[in-house]
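Structure first, then comments.
Protein chains: 2
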Amino acid sequence: MRSTKLSLVLRQLRDGGPRSRARLATDLGLTRSSASALVGELEELGLVRAAGVERGGLGRPGTAVELDGHRVCGIGAEINVNHVATMALDLAGDVVAEHRAPIDSTRLAVSAVLDLLAELVEQTDADVRAGGGQTVGCVVGVAGLLDRTHEVLTVGPNLGWKDVPVGAELRGRLGAAYPVTIENEANLAAVAEAVPGDASRQDILVIFGEVGMGGGIVAGGRLLRGHQGYAGEFGHMIVEPGGRRCGCGRVGCWETVAALRPLLDAAADPDDPIRDPALALDERLAEINRRADLGDNRTLAALDQVGSWVGIGAAMLTNALNPAAIVLSGYFAEIGHHMRPAIQEQLLAGVLAPQGGGTRVEFSTLGFTAAVRGGATEALESVFDDPTTVAPRPDVLLGGAR
Amino acid sequence: MRSTKLSLVLRQLRDGGPRSRARLATDLGLTRSSASALVGELEELGLVRAAGVERGGLGRPGTAVELDGHRVCGIGAEINVNHVATMALDLAGDVVAEHRAPIDSTRLAVSAVLDLLAELVEQTDADVRAGGGQTVGCVVGVAGLLDRTHEVLTVGPNLGWKDVPVGAELRGRLGAAYPVTIENEANLAAVAEAVPGDASRQDILVIFGEVGMGGGIVAGGRLLRGHQGYAGEFGHMIVEPGGRRCGCGRVGCWETVAALRPLLDAAADPDDPIRDPALALDERLAEINRRADLGDNRTLAALDQVGSWVGIGAAMLTNALNPAAIVLSGYFAEIGHHMRPAIQEQLLAGVLAPQGGGTRVEFSTLGFTAAVRGGATEALESVFDDPTTVAPRPDVLLGGAR
DNA sequence: CTACTTTGTGCGACGTCACAACAAACGGGG
DNA sequence: CCCCGTTTGTTGTGACGTCGCACAAAGTAG
């Protein structure tokens, strides 16, 4: 009962930025006294703090209140083919710590990868504590299919994993005081793109492309997980019946025509350096951008062709979901601007609703940190759900009633 | 604050059925005294009533409390190509009134259709009042694309309507004391399929097929509308690039291969009576069932072929949404059982998640009343959101404090 | 018939919120 | 320079809702 009101105030501060107690009261339909009391309580918990004066013309200026980051942090973690990574985000959304270790998951044993990630998480938690904060939770993004309980990785084709109870394994290694949960990596990336408070980012579709394709759906600001947690597996929607064979064994999957490989296949001969997996990915993508900027016909044609396929798939999803925006992430973020015309064209052509249902095409700016950022955001959600769960400020405990 | 608790109790009774005050308290984490007070208040509002004793073994038997339907009703209405219809549902979900009028929307003027529907709604409201109830709202389902404000029908291809502010028009005709809102017809059908309390029906995908195809998505028990309200337009997802031309002008739309016409095209010659639009639809569908039951090869092949296409589209949506069930409605409900093997096969083949993500294929049993039923359900939602909005029982007003 | 269990209600204590009053802080005008 | 209006933030007071507890009611088991 009390926690719901505190939650309301906290979310309002996150979504709408700092403001005075009086404005908070009018915005939430409370009295100034109630708002003041709630803010006071949040202040005691160390979740908000004063943020300078707010001159608003006439009358006494208010003292703005803002989220106080440094007390609590959420940790996001990621297990991917090439690396494991973590990130700690404070309540205000600022990065407090970040760790990253390259791996070769296909050669490393499962337990070794989990060991390494656990080490990174503990290091991150240590960083948080060193900054005087407490960790409220850790959400781990895994590249693969996670069962609804979010505890067991059913299949991780790219990782080469199968039936790994990632949640339990990690909890065993950490002995952490905070909850550890598991989520699909692309779903977490979607969470990261849905910035709180931005109304145009509460119904979005995130499409991630690289070796494979995945994605996530945010509807009404909340991640859509589906009945067993398998939602967002866009890469294996069959968009071209009778088309190319996919690594998954099916034929005509979206990722056979819109992931990185089909682009490279169309853009370059087998001996072209941009198709050399030994080279760094961003180098190869930069080269594609260079060629496109120079007007190379084959490159442009390839981008156009793949862009069309991206648009066709995006149109199908838009017909079903009518998102406010489609956020393209992964390799699309780097070279997608060259695909934009083709994507837009197919989207407008393939969506029944007038003007494509008003869906905008955007490109992610989060880079490879999207998943860990989304994980940390998701972990922090528990604080916004119930602010009373965080331990009170030590000085308040000592001070007592004065 | 108070209304939220009342809302909780009311929903609990709806979702879990009648039960004693004590069980209500334990289920909701309240004390027995609080539960008793809340039930008392709901009783005064006329929303719940006693429902016999509940023998539970040891101790004093409890007196069960159940939803009391007859006080408040929601009205669902529908504007379709061949008919307009209404239905009043009471709080318990029982049908209180039902009206239906066949029309030919292509020949009738827009205003005439609206006049007729308004008349039906008023008649339905009169029925509700005659039964001693009050109407709490009316939700109108329209076959076409509705803009997010849910006020203007942007395009209704089958109706032949364009840019009609259905909501405002209807309100003007009704001068109703209750709110009137507009929703896509197939979306309302989806609401009707998502039976409250049934956990396996809170994440579902409803696919409606007849002349065209549409549908709706229910995620976490709530209708997914999308940013502008255009969600659920499955019929025009392009499943066969370069395929057949669709009535909408595009090529390869799902409804060109999975709606009623492609089935008839494959199953019968042009002069076959089952392709005669003059015959009643259920007659023609019954004939298809007869032939399939008799083992007619051409019919079975057609059902198999169309079923495969249904499964291909369903698989795409299942990859994206991972619903607990796909509910097939419209003509699928009548003859879909003959398509089930083909649908299941494509669904298992086309969905990445193991065992097709656990998604079941089901057929609607609601017939053509799905949309009106969903509309009435949606209208009643306002009562569950805030039970205090309903007018108190007249006898309570008269009785006063005793 | 007694012991025990469970249900439903009545009553006092406590916490929370709304309303009102008041002090504080600032701009503007004479 | 001072007074006034305006807005902010805090402090009290009363109303209301919820919890905990006790008690009567109504059944079962032995």
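Residue numbers (our numbering), protein chains in the order written: chain L, 1 to 402; chain R, 403 to 804. Even glycine gets a Cβ: it sits at the ideal position worked out from N, Cα and C.
Contact check, residue i vs residue j, beta carbons under 8 Å
{"i": "residue 364 of chain L", "j": "residue 333 of chain L", "result": "yes"}
{"i": "residue 193 of chain L", "j": "residue 204 of chain L", "result": "yes"}
{"i": "residue 759 of chain R", "j": "residue 331 of chain L", "result": "no"}
{"i": "residue 705 of chain R", "j": "residue 694 of chain R", "result": "yes"}
{"i": "residue 523 of chain R", "j": "residue 479 of chain R", "result": "yes"}
{"i": "residue 374 of chain L", "j": "residue 189 of chain L", "result": "yes"}
{"i": "residue 82 of chain L", "j": "residue 102 of chain L", "result": "yes"}
{"i": "residue 586 of chain R", "j": "residue 544 of chain R", "result": "yes"}
{"i": "residue 744 of chain R", "j": "residue 709 of chain R", "result": "yes"}
{"i": "residue 561 of chain R", "j": "residue 574 of chain R", "result": "no"}
{"i": "residue 41 of chain L", "j": "residue 191 of chain L", "result": "no"}
{"i": "residue 768 of chain R", "j": "residue 476 of chain R", "result": "no"}
{"i": "residue 703 of chain R", "j": "residue 764 of chain R", "result": "no"}
Coarse secondary structure for residue i, derived from DSSP in three states
{"i": "residue 313 of chain L", "result": "helix"}
{"i": "residue 366 of chain L", "result": "coil"}
{"i": "residue 509 of chain R", "result": "coil"}
{"i": "residue 205 of chain L", "result": "strand"}
{"i": "residue 629 of chain R", "result": "coil"}
{"i": "residue 6 of chain L", "result": "helix"}
{"i": "residue 357 of chain L", "result": "helix"}
{"i": "residue 786 of chain R", "result": "helix"}
{"i": "residue 571 of chain R", "result": "helix"}
{"i": "residue 407 of chain L", "result": "In the structure as shown, chain L starts at 1 and stops at 402, and residue 407 of chain L therefore has no counterpart that could be examined."}
{"i": "residue 90 of chain L", "result": "strand"}
{"i": "residue 802 of chain R", "result": "With a pLDDT of 40 at residue 802 of chain R, under the threshold of 50, the predicted position of this residue should be treated as unreliable, though the coordinate-derived value follows. Correct three-state label for residue 802 of chain R: coil."}
{"i": "residue 451 of chain R", "result": "strand"}
{"i": "residue 285 of chain L", "result": "helix"}
{"i": "residue 419 of chain R", "result": "coil"}
{"i": "residue 735 of chain R", "result": "helix"}
{"i": "residue 198 of chain L", "result": "coil"}
{"i": "residue 185 of chain L", "result": "helix"}
{"i": "residue 459 of chain R", "result": "coil"}
{"i": "residue 279 of chain L", "result": "coil"}
{"i": "residue 544 of chain R", "result": "strand"}
{"i": "residue 780 of chain R", "result": "helix"}
{"i": "residue 245 of chain L", "result": "strand"}
{"i": "residue 240 of chain L", "result": "coil"}
{"i": "residue 318 of chain L", "result": "helix"}
{"i": "residue 261 of chain L", "result": "helix"}
Boundaries (first-last residue) of the alpha helix (DSSP H) holding residue i
{"i": "residue 127 of chain L", "result": "110 to 130"}
{"i": "residue 341 of chain L", "result": "340 to 350"}
{"i": "residue 36 of chain L", "result": "32 to 44"}
{"i": "residue 69 of chain L", "result": "Unbroken run through residue 69 of chain L: none, as it is neither H nor E."}
Anticipated Cβ contact below 8 Å, residue i with residue j, distance rounded
{"i": "residue 232 of chain L", "j": "residue 187 of chain L", "result": "5 Å"}
{"i": "residue 661 of chain R", "j": "residue 613 of chain R", "result": "7 Å"}
{"i": "residue 264 of chain L", "j": "residue 275 of chain L", "result": "5 Å"}
{"i": "residue 314 of chain L", "j": "residue 347 of chain L", "result": "6 Å"}
{"i": "residue 227 of chain L", "j": "residue 724 of chain R", "result": "6 Å"}
{"i": "residue 48 of chain L", "j": "residue 24 of chain L", "result": "About 10 Å; that fails the 8 Å criterion."}
Range of the contiguous beta strand (DSSP E) that encloses residue i
{"i": "residue 326 of chain L", "result": "325 to 330"}
{"i": "residue 25 of chain L", "result": "Where residue 25 of chain L is concerned, there is no enclosing beta strand (DSSP E), although the alpha helix (DSSP H) it sits in stretches over 21 to 28."}
{"i": "residue 555 of chain R", "result": "555 to 558"}
{"i": "residue 504 of chain R", "result": "497 to 504"}
{"i": "residue 657 of chain R", "result": "No beta strand (DSSP E) contains residue 657 of chain R, which is instead part of the alpha helix (DSSP H) from 657 to 660."}
{"i": "residue 620 of chain R", "result": "615 to 621"}
{"i": "residue 163 of chain L", "result": "161 to 164"}
Residue i Cβ short of 7 Å to the ligand ADP heavy atom set
{"i": "residue 795 of chain R", "result": "In the structure on display, the ligand ADP does not appear, and there are no ligands present to speak of."}
Check distances from the C-beta atoms of the region 693 to 726 of chain R to those of chain L and list, in chain order, the residues that come in under 7 Å.
714, 717, 718, 719, 721, 722, 723, 724, 725, 726
**Asked** Just by C-beta distance, which residues in the region 214 to 242 of chain L are closer than 9 Å to chain R?
**Response** Per Cβ criterion, the list reads 215, 217, 219, 220, 222, 224, 225, 226, 227, 228, 229, 230, 231, 232, 233, 234, 235, 236, 237, 238, 239, 240, 241.
- Mind listing which residues of the region 550 to 575 of chain R have their C-beta closer than 8 Å to chain L's C-betas, in chain order? 556, 557
Notebook entry, point to check: Mind listing which residues of the region 247 to 267 of chain L have their C-beta closer than 8 Å to chain R's C-betas, in chain order?
Noted result: Legend: CB atoms of the region 247 to 267 of chain L lying less than 8 Å from CB atoms of chain R belong to residues 248, 250.
Selection of the region 353 to 387 of chain L by Cβ proximity to chain R, strictly under 8 Å: 353, 354, 357, 358, 359
- Message: By the 9 Å beta-carbon criterion, what residues does the region 128 to 150 of chain L contribute toward chain R?
- Response: 145, 147, 148
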